[in-house]
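This note's numbering puts the sequence shown at residues 360 to 690.
Glycine is no exception: its CB is placed at the ideal position from the N, C-alpha and C atoms.
Computed from a predicted structure; not experimentally measured.
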Amino acid sequence: MQHRDNPEKDPLSDTPSAVDDRAADYRHASVLLDGAVDALITDPDGCYLDGTFGRGGHSRAILERLSPQGRLLAIDRDPAALAEGAALDDPRFSLQYGRFAELDSIARDHALHGRLGGVLLDVGVSSPQLDDPSRGFSFLRDGPLDMRMDPTQGESAADWLARVAEREMSDVFKRYGEERFARRIAKAIIARRAEQPITHTGDLAELVKAAHPAWEKGKHPATRVFQAIRIHINGELEQLEAALAAALEALAPGGRLVVISFHSLEDRLVKRFIRDQARGDTHLPRDFPIRDTQLNRRLAMVGKASRPGEREVEENPRARSAVMRVARKLD
């Protein structure tokens, strides 16, 4: 995938724009469902891990492809997702509370470490999370300013905004939202919170809207700020980086790593990880006397990056920014 230097034209963003409010009318649909499952499963009798159960779309499709001897372990940190998974009655299936960055230790607990035929990571926020105002992820529906994947753990977005210094706030908006007017928006938030707490998504959205001097066509001016806060509050990029490394260790030789991401920060990280593991020990000097077979290559890329087709995007507008990358663990 090629990444554009101008974030205004970045095609990847998992936060819907103002024109995509219609997406709320759709039930949660797993993006790139068939392609992901096709890439993941090489042996119907094997053991697999779904690192982001969500509402179970991918997990159910995986189970349909497995034999009676197959096994699927799923992970999620969202209580609503765990409740959904509790209704999935299948002896081949297990669901574990946790972050996908912990998949290495979770696989060990289930005696699956080094035995996994595939690991699937469907990264980012899900449609049910976006569409539930009480979760505070979306600027399109007013609700408490929370944004935590697990509402029982950590600091809410409202609490973070109430205490963070202006410079750190601006840095978060710039780093995780690629927001050009990060400093200006941070100043406006600091000024407002001195007058009254910012506790709801609607309040923050209107505040950013008023402070933003240059709206992008077809995109709500608060899009990047909401994305940045969510990524920061949940440690999403750090979680993804740790999950990729953990998956590499948990996979069996020949096992598949399948990652679906929804904005360029995620996809860039995934692309770099697969590339570096496919190249091996490239930190060595160019003239260092070492054979190609000694480079410690651990992954091989499988095909090119995949994106949803026109029909899937038409049926599920939020799929438009998805990118799937696949790699195979070498022996």
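Reference ARG734; option with closest CA among GLY662, ARG687, VAL531, ARG542: Residue 734 lies beyond the stretch modelled for the chain, which goes from 360 to 690, so this question has no answer here.
Local Cβ density within 10 Å of SER680, reported as buried at 16 or more and exposed below that: Buried is the call here.
Contacting residues, own chain, Cβ-Cβ under 6 Å from VAL618 (five flanking each side not counted): Excluding residues within five positions, the ones whose Cβ falls inside 6 Å are LEU480, VAL629, ARG684.
ASP437 versus HIS472 - alpha carbon distance: When rounded, the separation of the alpha-carbon atoms in ASP437 and HIS472 is 23 Å.
Cβ distance (whole Å) where VAL484 is taken to contact PHE496 below 8 Å: Yes, they are in contact, since the Cβ atoms of VAL484 and PHE496 sit about 6 Å apart, within 8 Å.
Run of the alpha helix (DSSP H) containing GLN598, from where it starts to where it stops: It spans 595 to 609 - the alpha helix (DSSP H) in which GLN598 sits, taken as one unbroken run.
Own chain partners of SER453 with C-beta closer than 6 Å, once the 5 adjacent residues on each side are dropped: The answer, listed in chain order, is LEU432.
Among LEU504, ALA678, GLU525, GLY614, the one whose alpha carbon lies nearest that of LEU658: In this structure, GLY614 is the residue among LEU504, ALA678, GLU525, GLY614 with its C-alpha nearest to the C-alpha of LEU658.
Any non-hydrogen atom of the ligand NAD within 7 Å of PHE412 CB: Summarising the ligand content, the structure contains no ligands, and the ligand NAD is consequently not present.
For ASP409, the nearest candidate out of ALA466, ARG522, PRO427 (CA to CA): Residue ALA466 is the option with its Cα nearest to ASP409.
Member of PRO403, GLY476, LEU566, GLY457 whose CA lies at the smallest distance from the CA of PRO580: Ranking PRO403, GLY476, LEU566, GLY457 by Cα distance to PRO580 puts LEU566 first.
Distance, ALA516 Cα to PRO492 Cα: Going by the C-alpha atoms only, they are around 14 Å apart.
For GLY416, the nearest candidate out of GLY444, SER426, GLY405, ARG430 (CA to CA): Cα-wise, what sits closest to GLY416 is GLY444.
Burial state of SER464, where buried means 16 or more other Cβ atoms lie within 10 Å: Residue environment: SER464 is assigned as exposed (fewer than 16 neighbouring CB atoms within 10 Å of its CB, all protein chains considered).
Proximity below 8 Å, CB of VAL396 to CB of PRO667: At the C-beta level, VAL396 and PRO667 stay beyond 8 Å of one another.
8 Å Cβ cutoff met for CYS406 and GLY457: In this structure, GLY457 does not lie closer than 8 Å to CYS406 by Cβ.
Candidates GLN455, VAL682, GLY413, of which the one nearest ARG627 by Cα: Nearest option by C-alpha distance: VAL682.
For ARG666, three-class secondary structure by DSSP: In the structure shown, ARG666 sits in coil (DSSP, three-state: anything other than H, G, I, E or B).
Given PHE412 as reference, the closest of HIS622, GLY561, VAL482, PRO450 once Cα atoms are compared: Nearest C-alpha to PHE412: VAL482.
Segments of 3+ residues assigned as beta strand (DSSP E) that fall wholly inside the segment 393 to 463: Whole beta strand (DSSP E) segments, 3+ residues: 406 to 409, 430 to 435, 452 to 456.
Three-state secondary structure assigned by DSSP to ASP530: Here ASP530 sits in helix by DSSP.
Endpoints, beta strand (DSSP E) assigned at GLY476: 475 to 481 is the span of the beta strand (DSSP E), which, as asked, contains GLY476.
Whole-number beta carbon distance between PHE621 and ALA587, since they are thought to touch under 8 Å: Their Cβ separation, rounded to whole angstroms, is 14 Å, which puts ALA587 and PHE621 out of contact at 8 Å.
Coil, strand or helix - PRO612 by DSSP: Correct three-state label for PRO612: strand.
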